[in-house]
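Report on the following structure.
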Amino acid sequence: MVLDVWKQLKKKQFAPLYLLYGPEGFIIKETITKIAENALEDDEAEFNISTFDLEETPLSVALEEAETFPFIGEKKLIILHNPVFLTAEKTKEKVEHNIDQLLAYLENPSPFSIVVLAAPYEKLDERKKITKQLKKHATVVEATKLKEQELERWVTEQASFHGVGIEREAVNELLSTAGQNLMLLANEIAKMALYAQEEKLITVETVTQLAVKSLEQNIFTLIDFIMNRRTAEAIELLQDLLRQNEEPIKILALMASQIRIMYVAKGLAKEGYGQQKIASHLKIHPYRVKLALEKAQYFQEQELMTFLNNVADADYKMKTGQMDKVLLLELIILRSGKTR
1 MVLDVWKQLK
11 KKQFAPLYLL
21 YGPEGFIIKE
31 TITKIAENAL
41 EDDEAEFNIS
51 TFDLEETPLS
61 VALEEAETFP
71 FIGEKKLIIL
81 HNPVFLTAEK
91 TKEKVEHNID
101 QLLAYLENPS
111 PFSIVVLAAP
121 YEKLDERKKI
131 TKQLKKHATV
141 VEATKLKEQE
151 LERWVTEQAS
161 FHGVGIEREA
171 VNELLSTAGQ
181 NLMLLANEIA
191 KMALYAQEEK
201 LITVETVTQL
211 AVKSLEQNIF
221 TLIDFIMNRR
231 TAEAIELLQD
241 LLRQNEEPIK
251 ILALMASQIR
261 IMYVAKGLAK
271 EGYGQQKIAS
281 HLKIHPYRVK
291 LALEKAQYFQ
301 EQELMTFLNN
311 VADADYKMKT
321 GQMDKVLLLE
331 LIILRSGKTR
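Heads up, the sequence shown is in full-length UniProt numbering, so the first residue is 1 and it goes up one at a time.
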């Protein structure tokens, strides 16, 4: 698990090889940063970090660099981006790679180099010998979205990194408010930690005061207002989103997505499905399921379906240019609000 690898890095425990793969770019970037910060002194980084794009540079060049002694210090960091040869993708590569040379290096890696392969791909080709050998010899970090407990632990550790604690309720409030984007969360935590330097604790009140709501959370709030016939507040929030240059078609699409998730999650929960299983079924993060179920409990399935039908009707009219886009959103607020 990525958090365990980060903990090892903090203890100055380094592997000679790392394979970082998956679509969560923040995890890949953060892992590389942590390796560099912990393995190299500040004055060494300029001389002892080499970065190669394997779509432009042959493997042999990078591996020769890995075999060269550090200019100063005891370690050097070699970062290999875009090893597309690990995937099943059939693209004509600009350069030829000597995969056998990499296989040989895996068997006998340089004792003074840390080699990192950064592969921002959803899947690797597990049938390939090089993929199998990398997974056997390297420390593997799967850069996918963190599970609920991992996410909560990560938030706590991020706060600790900035020298403050965070209340458990504040963790939940932050995730509910700001969403699960790690880059955005990291920025929010840094901001709140600065605010909480005197008390050394991020509280629920701190989050409520300072956290910027994600678009997803704003859409949940908008749906709440609409379904509870709080029409004036719904119109005001819609206008706020439009002032933030959110596109009407995007707002409508997110409304449809959230209502669909609420509707399906509510139905599956009634059948006895747990949050993790629902998340797997819907192919979304478990925390989104948790939020959806919390909101959906206040509404009947028929109410959600009526709302979804209104959104589908507006979507058709919006895409065919039958009516002004903003007016269509306002009509959804008025029509759907009256279903209760």
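Where a beta carbon is used, it is the ideal one built from N, C-alpha and C, also for glycine.
Close Cβ partners of residue i (< 6 Å) along its chain, the five nearest in sequence each way excluded
i: residue 19; result: 117, 134, 138, 140
i: residue 216; result: 179
i: residue 339; result: No answer about residue 339 holds up, because its pLDDT of 47 lies below 50 and its placement is not dependable.
i: residue 14; result: 39, 114
i: residue 239; result: none
i: residue 148; result: 286, 287
i: residue 5; result: 141
i: residue 322; result: none
i: residue 272; result: none
i: residue 278; result: 265, 268, 289
Residues near residue i in its chain [Cβ-Cβ closer than 7 Å; skip 5 each side]
i: residue 145; result: 24, 180, 285
i: residue 45; result: 36
i: residue 75; result: 39, 40, 48, 112, 114
i: residue 154; result: 3, 146
i: residue 203; result: 167, 170
i: residue 156; result: 166, 171
i: residue 159; result: 165, 166, 189, 193, 202
i: residue 218; result: 237, 241
i: residue 225; result: 233, 234, 237
i: residue 91; result: 84
Residues that residue i bridges to, as DSSP identifies them
i: residue 49; result: 77
i: residue 141; result: 20
i: residue 106; result: Answer is none; residue 106 lacks a bridge partner.
i: residue 114; result: 77
Closest by C-alpha distance to residue i, when choosing among the options
i: residue 192; options: 170, 176, 182; result: 170
i: residue 253; options: 128, 325, 22; result: 325
i: residue 29; options: 327, 251, 119; result: 119
i: residue 10; options: 219, 32, 238; result: 32
i: residue 294; options: 226, 320, 314, 263; result: 263
i: residue 183; options: 166, 214, 200, 160; result: 214
i: residue 96; options: 162, 330, 6, 62; result: 62
i: residue 300; options: 265, 162, 230, 245; result: 265
i: residue 123; options: 313, 21, 157, 173; result: 21
i: residue 341; options: 314, 320, 319; result: Because the chain is modelled from 1 through 340, residue 341 falls outside the range shown and cannot be assessed.
i: residue 88; options: 275, 239, 125, 185; result: 125
i: residue 43; options: 1, 64, 71; result: 71
i: residue 136; options: 162, 200, 107, 156; result: 107
i: residue 250; options: 86, 206, 311, 201; result: 311
i: residue 79; options: 246, 94, 196, 34; result: 34
i: residue 198; options: 188, 162, 327; result: 162
i: residue 343; options: 222, 323, 242, 188; result: Here the chain has residues from 1 to 340 only, and residue 343 is not among them.
i: residue 297; options: 268, 330, 185, 323; result: 268
i: residue 50; options: 26, 27, 77, 281; result: 77
i: residue 308; options: 244, 223, 272, 247; result: 223
i: residue 316; options: 256, 128, 244; result: 256
Neighbourhood of residue i by C-beta distance below 8 Å, restricted to the same chain and skipping five residues each side
i: residue 110; result: 16, 66, 67
i: residue 53; result: 81, 82
i: residue 220; result: 258, 291, 295
i: residue 59; result: 80, 97, 98, 99, 101, 102
i: residue 130; result: 85, 86, 99, 102, 103
i: residue 274; result: none
i: residue 330; result: 235, 238
i: residue 248; result: 242, 318, 325, 326, 328, 329
Buried versus exposed call for residue i [16 or more other C-beta atoms within 10 Å across all chains shown]
i: residue 258; result: buried
i: residue 288; result: buried
i: residue 320; result: exposed
i: residue 211; result: buried
i: residue 175; result: buried
i: residue 318; result: buried
i: residue 151; result: buried
i: residue 206; result: buried
i: residue 177; result: buried
i: residue 194; result: exposed
i: residue 56; result: exposed
i: residue 190; result: exposed
i: residue 173; result: buried
i: residue 227; result: buried
i: residue 328; result: buried
Below-9 Å beta-carbon distance, residue i vs any chain C residue
i: residue 284; result: The chain labelled as chain C is not found in the depicted structure, where only one protein chain is given.
Residue i Cβ short of 8 Å to the ligand SAM heavy atom set
i: residue 218; result: Absent from the structure shown: the ligand SAM. Ligands present: none.
Problem - Length-filtered (4 minimum) alpha helix (DSSP H) runs lying within the region 192-265 - result: 204-210, 215-227, 231-243
Exercise for the section: Just list the alpha helix (DSSP H) runs in the region 116-194, keeping only unbroken ones of 4 residues or longer that don't cross its boundaries, in chain order. Expected result: 129-137, 148-161, 168-178
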